[in-house]
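Numbering (my numbering), first residue to last: 1 to 247.
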Amino acid sequence: MIRRTAALIALLWAGQAGAVTCERVAHEDRRYTVCEVDATTEDLRLFLYDDAGQVLGHFSSVNEELADAGQRLSFAMNAGMYHEDRSPVGHYVEDGQELMRVIPNPGPGNFGLLPNGVFCIREGRADVFETLDYLERKPECRFATQSGPMLVIDGELHPRFLEDSTSRYVRNGVGTSADGSRAVFVISEDYVTFHEFGRLFRDVLNTPNALFFDGNISRMYDRAANRSDVGFSLGPIVGVVEDIPAN
1 MIRRTAALIA LLWAGQAGAV TCERVAHEDR RYTVCEVDAT TEDLRLFLYD
51 DAGQVLGHFS SVNEELADAG QRLSFAMNAG MYHEDRSPVG HYVEDGQELM
101 RVIPNPGPGN FGLLPNGVFC IREGRADVFE TLDYLERKPE CRFATQSGPM
151 LVIDGELHPR FLEDSTSRYV RNGVGTSADG SRAVFVISED YVTFHEFGRL
201 FRDVLNTPNA LFFDGNISRM YDRAANRSDV GFSLGPIVGV VEDIPAN
């Protein structure tokens, strides 16, 4: 099953390189939507506040903000944990401006289940870093969001994940290729454990580092599929921006 799924995804990516592609994937009897972004060519950004400093919170609000520049989202996903006022729990950088420092210490909840990590978008690439590695490397990220726990760390599952766990939620996250050219975003369509979710990134999607974004409130936007999940206001949102075609 793993080999057949991996082969299907490889063919899909080879045939549609240079674009955002979202496809349904089944792995170990669990269903997922997998979206690959070519980080070398696509306009990948993070969104939290509008020009007036108000929380955007919804995919529709991001589109309204982009419309003034003749742009829109082609893909988006919630991208990190946040407080009640929608401010990020951990490190957050938007368009080169740091809005929240790095939190390296253990703490409550999934975010504090170390090791956690940082998703970093730079010119022509995107990477998931384990947080202490991020602090050591000091990459110059145009956009960055910290979340946790890490799902995959240098090809290994998070050491705290239990194969027989009974904790299941709809979950979403991101993995990146070793060269930073591929950013693979996933949302589960079924309730999954951390161990199951991590295995997808490690064994099928071939991402040596992957980061959990959130669970239960996970949402996705896919313009091509006419999908725009709705619900309570979100915190950070990651998305691919495209120009609105001329009539």
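For glycine and all other residues, C-beta sits at the position ideal for the given N, C-alpha and C.
Practice prompt. Assign T5 to one of two classes, buried (16 or more other C-beta atoms within 10 Å of its C-beta) or exposed (fewer than that).
Written response: With a pLDDT of 49 at T5, under the threshold of 50, the modelled position of this residue cannot be trusted; read the value that follows with caution. When all chains shown are included, T5 counts as buried.
Worksheet entry | Option in F119, G180, R86, F197 with minimal Cα separation from T40 | G180
Worksheet item: Under 7 Å, do E130 and M100 count as touching if we go by C-beta distance?
Response: no
Practice prompt. List the residues that DSSP assigns as beta-bridge partners of M77.
Written response: M220, V238
Worksheet item: Where do the ends of the alpha helix (DSSP H) carrying Y134 lie?
Response: 131-137
Worksheet item: Do you know offhand how far C35's Cα is from R137's?
Response: 28 Å
Practice prompt. Determine, using beta-carbon pairs with one atom in the stretch 44-58 and one in the stretch 235-242, whether at least three such pairs fall under 8 Å.
Written response: yes
Item to complete: Compute the Euclidean distance between the alpha carbons of G107 and R160, then round it to the nearest angstrom.
Response: 14 Å
Item to complete: Could you tell me how far apart the beta carbons of P88 and L135 are, in whole angstroms, since I believe they sit closer than 8 Å?
Response: In fact, because the Cβ distance is near 17 Å, the residues do not count as touching under 8 Å.
Discussion item. According to DSSP, is A225 part of a helix, a strand, or is it coil?
Written reply: helix
Worksheet item: For F197, which three-state DSSP category applies?
Response: helix
Worksheet item: Secondary structure at V93, three-state DSSP: helix, strand or coil?
Response: strand
Fill in: Three-state secondary structure (DSSP) of N116
coil
Worksheet item: On the three-state DSSP scale, how would you describe F161?
Response: coil
Item to complete: Helix, strand or coil for F66, going by three-state DSSP, please let me know.
Response: Going by the sequence as given, residue 66 is Leu instead of Phe. Note: L66 maps to helix in three-state DSSP.
Discussion item. Could you tell me the alpha carbon to alpha carbon distance between F75 and I121, rounded to whole angstroms?
Written reply: 16 Å
Worksheet entry | Span separating the alpha-carbon of G109 from that of H83 | 13 Å
Worksheet item: Quick one: what's got a C-beta closer than 8 Å to V152's C-beta in the same chain, skipping five residues either side?
Response: H158, G175, G198, F201, R202, T207, P208, N209, A210
Worksheet entry | Which of helix, strand or coil DSSP assigns to S61 | helix
Worksheet item: Ends of the beta strand (DSSP E) at E28?
Response: Run containing E28: none; DSSP gives neither H nor E here.
Worksheet item: Is it right to say V241 is buried, meaning 16 or more other beta carbons lie within 10 angstroms of its own, or is it exposed?
Response: buried
Fill in: E163 versus T193: straight-line alpha-carbon distance, rounded
8 Å
Discussion item. Buried or exposed, going by whether 16 or more other CB atoms sit within 10 Å of the CB of F212?
Written reply: buried
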